[in-house]
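What follows is one structure encoded as structure tokens, with my remarks underneath.
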Amino acid sequence: MGGLAKKVYDKSPYFFKYLLLNFKGYLNAKQRYNSRFKSSLQEHIDLWGADIQDINDFQKKKLSKLLTEVHQHSQWYASIMKEHKITLKEIESNPIEVLKRMPILEKSDRKKHVDLIVNTSRKTDMVNHTSGTTGSPTMDYLDQESINDSFAVWKRFHNVIGVKTKDKQVRFSGRLVINNDAKKPPFWVYNYFEKQLMMSTYHLKSENFKFYIEKLNKFKPKLIDGYPSAIFIISKFINKNKIKLSFVPKAIAVTSETLYDYQRIEIEKAFRCHVHNQYASNEGSPFITECTNGNLHVNLDSGIFEYVNNEGKPAKPGEIANLVVTSIIRFKTPLIRYNIGDTVLLPLQNEICNCNCNMPIVKKIIGREDDILWTEEKGYVVSADTALIDIEGIMEGQIIQENPKLVVVNLIVDDAFNKKMQDRLLNNLKDRLGEHIDYTINIVDNIPLGPNEKFDAQKRNFELKF
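Using this note's numbering, the letters of the sequence shown correspond one by one to residues 10 to 475.
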């Protein structure tokens, strides 16, 4: 939803939230799942089991198309290509070698110069706002083809794990789907047109868990997806109280956060099905998805991954590698050699999976290392960093919970951040974490990186017992 629509939604009573969400769901379904989506989905389903040479040929063709378009229609990339004397003839004959000559795109440039980066030959059909992995709000412009192809690769992942496009699903995300001060159910809103029950991650308190479980038993989803930390919290309650659910999902798919082994064990015990990990981003990163054998496949038909160590050199087998990505499914806001700020663990040697997919494997998605926050008023909070998304002037932001009664927010800002923006940020934080705790907002020049040189958009500095 856009800024105004989101404000209207947030202030609306439940019935109007349902109407607004379903109107948006109708528009989304029309835009995402058209005839072009269907043909793209089938193409990517076929590529999942294709010979590696056919996959590489597809990747090369799409990369050539991307580089040709930005050479002609992106002010940012056209300037770079001119500086490096890259010609259209070179792009057509050997796009992979051309890609190696392109400089790495850093997050600061991706955010600051997005209007120069965009591909002006393509119409904007959607605008996304994301907090990204640095807590810094980012604009992402999409055209119709990019929308269809992105959803085709995502739905191909669901197809691989046995979930159909129109199967009923439950989603736990950072969206405020109901009023933040709601004390009784429903803590969810149903999107009829996408068969999706949107469950709030901001009302995960012990006194509310029974309502979540009753609704899950009644709804009986084929797929549960979203933040692993939220699904883990529900699972912990189910297992602790020896609750047996009246349904078994086909699969659980988690995203946006690191999936830890202890979370996977708890979730699989509660829901009696496999947890499938996946990696992508609202910024348009290519996909990494887990197959039915539990291996993480790099989706070469969605883009090109480069693995770089902390010295900027190619990472070695067995190392934790920084991801530099080039998307071949996003053309309006091109990502070419983008330092996305996430990491993976590489295998010690090339591994071939017997699941019928020939795409390469990584051992683990390190991803973001954000923590679960907890307040007496709101319970478990898994995505407080979404409070930063609609605030102008924030270049980077970090939320640190020092204790259950104190939250410190460190911000790097520009001139657009004023008293009005600070008040809006404070209101957003109260919506997510509660009214009755202290908030300290610090304007800083630098926010230190955390373990593995990762940015922690949200972290907790006290022990939390689940």
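Quick reminder that beta carbons are idealized off the backbone N, C-alpha and C, glycines included.
Everything numeric in this text was worked out from a predicted model, so none of it was measured.
- Task: Taking only the alpha-carbon atoms, compute the straight-line gap between LYS231 and ILE408 and give it to the nearest angstrom.
- Result: Between LYS231 and ILE408, the C-alpha separation is close to 34 Å.
- Message: Which same chain residues end up closer than 6 Å to GLU472 when comparing Cβ atoms and leaving out the 5 residues on each side of it in sequence?
- Response: A distance below 6 Å between beta-carbons, with the five flanking residues on each side excluded, links GLU472 to no residue of its chain.
- Please go through the region 162-235 and give each complete alpha helix (DSSP H) segment of 4 or more residues, from N-terminal end onward. Listed in chain order, the complete alpha helix (DSSP H) runs (minimum 4 residues) inside the region 162-235 are 218-228.
- Task: Could you check what DSSP says for LYS373 in three-state terms: helix, strand or coil?
- Result: Here LYS373 sits in strand by DSSP.
- Helix, strand or coil: which one does DSSP assign to PRO323? In this structure, PRO323 counts as strand in the three-state DSSP scheme.
- Task: Run the CB neighbour count on ARG131, radius 10 Å, all protein chains shown included, and call it buried at 16 or more, exposed below.
- Result: The residue in question, ARG131, is buried, as its Cβ has 16 or more Cβ neighbours within 10 Å.
- Message: Less than 7 Å between C-beta atoms, sequence neighbours within five positions excluded: which residues of the same chain meet that for ALA396?
- Response: Shown here for ALA396: same chain residues with a beta carbon closer than 7 Å to its own, the five before and five after excluded, namely LEU434, ASN437, LEU438, ARG441 in chain order.
- Query: Roughly how many whole angstroms lie between the Cα atoms of HIS283 and VAL162?
  - Reply: Approximately 20 Å, taken between the alpha carbons.
- Message: Can you list, in chain order, the residues of its chain with a C-beta nearer than 6 Å to that of ASN137? Leave out the 5 residues immediately preceding and following it.
- Response: Only residues of its own chain outside the window of five on either side were considered, and among them ASP149, ASN291 have a CB closer than 6 Å to the CB of ASN137, listed in chain order.
- Cα-Cα separation between LEU355 and VAL333, rounded to whole angstroms: Approximately 14 Å between the Cα atoms of the pair.
- Query: Helix, strand or coil: how does DSSP classify ASP465 here?
  - Reply: ASP465 falls in the coil class under three-state DSSP.
- Measure how close the beta-carbons of ALA262 and ILE170 come, nearest whole angstrom, since I'm counting them as under 8 Å. Indeed they touch by this definition, with Cβ atoms about 7 Å apart.
- Message: By DSSP's criteria, LEU332 is part of a beta bridge. Which residues make up the other side?
- Response: The partner list for LEU332 (beta bridge, DSSP) reads TYR316.
- Message: Going by DSSP, what residue range makes up the alpha helix (DSSP H) through GLN68?
- Response: First-last of the alpha helix (DSSP H) with GLN68: 61-82.
- Query: Which one of ILE252, CYS366, LYS429 has the shortest CA to CA distance from GLY58?
  - Reply: Looking at the Cα atoms, CYS366 is the closest of the given residues.
- Task: Scan the region 12-44 and note each continuous alpha helix (DSSP H) run of 4 residues or more that stays entirely inside, going in chain order.
- Result: With a minimum length of 4 residues, the continuous alpha helix (DSSP H) runs that stay inside the region 12-44 are 12-20, 23-41.
- If we ignore side chains and look at the alpha-carbon of each, how far apart do GLU277 and ILE297 end up? Their Cα atoms are separated by approximately 21 Å.
- Item | Cβ neighbour criterion (16 or more within 10 Å) applied to ASP66 | Exposed, since its Cβ has fewer than 16 Cβ neighbours within 10 Å.
- State whether the region 86-93 contacts the region 318-330, with contact taken as three or more CB pairs (one from each stretch) at a distance under 8 Å. Output reads no: the region 318-330 does not touch the region 86-93.
- Please state if the CB of LEU114 and the CB of SER83 are separated by a distance shorter than 9 Å. For the pair SER83 and LEU114, the CB atoms are not nearer than the 9 Å cut-off.
- Query: Do LYS224 and ASP208 come within 9 Å of each other at the CB atom, strictly closer than that value?
  - Reply: Inspection of the sequence shows that residue 208 is occupied by Met rather than by Asp. Yes, they are a contact pair.
- Message: Looking only at its chain, what residues have a beta carbon closer than 6 Å to the beta carbon of TYR323, apart from the 5 residues adjacent to it on each side?
- Response: A small correction: the amino acid at residue 323 is Pro; Tyr does not occupy that position in the sequence shown. Same-chain partners within the cutoff: there are none.
- Query: What does THR449 pair with, by DSSP beta-bridge criteria?
  - Reply: For THR449, which the question treats as bridged, DSSP gives the partners VAL417.
- Just the Cα atoms here: how many angstroms apart are ASN331 and LYS249? Rounded to whole angstroms, ASN331 to LYS249 spans 37 Å at the Cα level.
- Do the CB positions of HIS75 and PRO343 come within less than 9 Å of each other? At residue 75 the sequence reads Leu, which differs from the His that was named. In this structure, PRO343 lies closer than 9 Å to LEU75 by Cβ.
- Query: On the three-pair Cβ rule with 8 Å, is the region 210-223 touching the region 236-253?
  - Reply: Contact between the region 210-223 and the region 236-253 is present, because at least three Cβ pairs lie under 8 Å.
- Cβ pair count under 8 Å reaching 3, the region 447-456 against the region 415-432: Touching, per the Cβ criterion.
- Go through its chain and collect everything with a Cβ distance to GLU99's Cβ below 6 Å, but skip five positions before and after it. Sequence-distant Cβ neighbours of GLU99 in its own chain, meaning closer than 6 Å and more than five residues away, are VAL107.
- Residue burial classification, ASN226 (beta-carbon count within 10 angstroms, cutoff 16): So ASN226 counts as exposed.
- Count the other C-beta atoms from every protein chain shown that fall within 10 angstroms of the C-beta of PHE32, then say buried if there are 16 or more, exposed otherwise. Counting Cβ neighbours within 10 Å, PHE32 comes out exposed, since fewer than 16 surround it.
- Task: Reducing DSSP to helix, strand and coil, say where ALA425 ends up.
- Result: In this structure, ALA425 counts as coil in the three-state DSSP scheme.
- Item | Residue range of the beta strand (DSSP E) that includes ILE105 | Not the beta strand (DSSP E): ILE105 falls in the alpha helix (DSSP H), residues 104-110.
- Using three-state DSSP, classify TYR86 as helix, strand or coil. If DSSP states are grouped into helix, strand and coil, TYR86 belongs with the helices.
- Task: Note the first and the last residue of the continuous alpha helix (DSSP H) segment covering GLU272.
- Result: In the sequence under discussion, the amino acid at residue 272 is Gln, which differs from the Glu named in the question. 270-280 is the span of the alpha helix (DSSP H), which, as asked, contains GLN272.
- Item | Spatially closest choice to LYS387 from THR352, LEU254, VAL172, ASN188, by CA coordinates | Closest by alpha carbon: ASN188.
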